[in-house]
Amino acid sequence: MGDSSQDSVRLNPLPDLRQVLGRFATGVVVVTARTGNEHLAVTMNSFSSVSLDPPLISICLGKHLRCGPALETAPHFCISILGAGQRAISQRFAKAGDKAWEDVPYRTTELGIRVIEPSVAVLECRRHIAVKAGDHSILLGELTLARLGDLPDPLLFFGSQYATLNAASCSL
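Quick note: the sequence shown uses the numbering used here, first residue -1, plus one each step.
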């Protein structure tokens, strides 16, 4: 092990931290919910499994998100894990807009929530708890349904850029 003072870099404010954290590759998901007649959707990469028993996942909602408060309090929400060819869908839901769903393929779940079709996988969740954490809220969802989709290769995000992974070339 090396001297920790030589192995670490002192962080300056936020831009450096964003660059460091951006070196962690993540998947890309679209989180969806429904409030009344409004179909909410937002792209994010702050998605993680938390527990298998009970089955819990987490997403982190930035305070800047227009639909953040509604997602945080929605009784149910869904996660669509995007595939390698769905960069345009990711970009569409990364920006707020009234016509976000226009020309986007989806199906509606029994809960009345839209999910992206096709996708790598779809998860349906019941709101478990939301916790304030800095400039975000951590929303835990208990899985009520998990279904593999038709797309084998995931869309990834690394270094502030999209990337892909060929699942067939991975040793499983």
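Glycine included, C-beta positions come from ideal geometry on N, C-alpha and C.
| Item | Value |
| --- | --- |
| First through last residue of the alpha helix (DSSP H) which encompasses Ile87 | Arg85 to Ala92 |
| Per-residue burial, Leu15 [other beta carbons within 10 Å of its own, 16 or more giving buried] | exposed |
| Beta-carbon gap between Val29 and Ile77 smaller than 7 Å | yes |
| Sequence-distant residues of its chain with Cβ nearer than 8 Å to Thr142 (five each side left out) | His74, Glu122, Cys123 and Arg124 |
| Nonlocal neighbours in the same chain, by C-beta distance under 6 Å from Phe156, ignoring five residues either side | Ala23 |
| Pair within 7 Å by beta-carbon distance, Ala31 and Ala98 | no |
| The segment 109 to 119 contacting the segment 50 to 69, beta-carbon criterion three pairs below 8 Å | no |
| Distance CB(Val27)-CB(Ile87) smaller than 7 Å | no |
| Nonlocal neighbours in the same chain, by C-beta distance under 6 Å from Gln84, ignoring five residues either side | Leu153 |
| Gln89 versus Ser56: straight-line alpha-carbon distance, rounded | 21 Å |
| Neighbour-count burial assignment, Leu19, 16 or more Cβ in a 10 Å radius | exposed |
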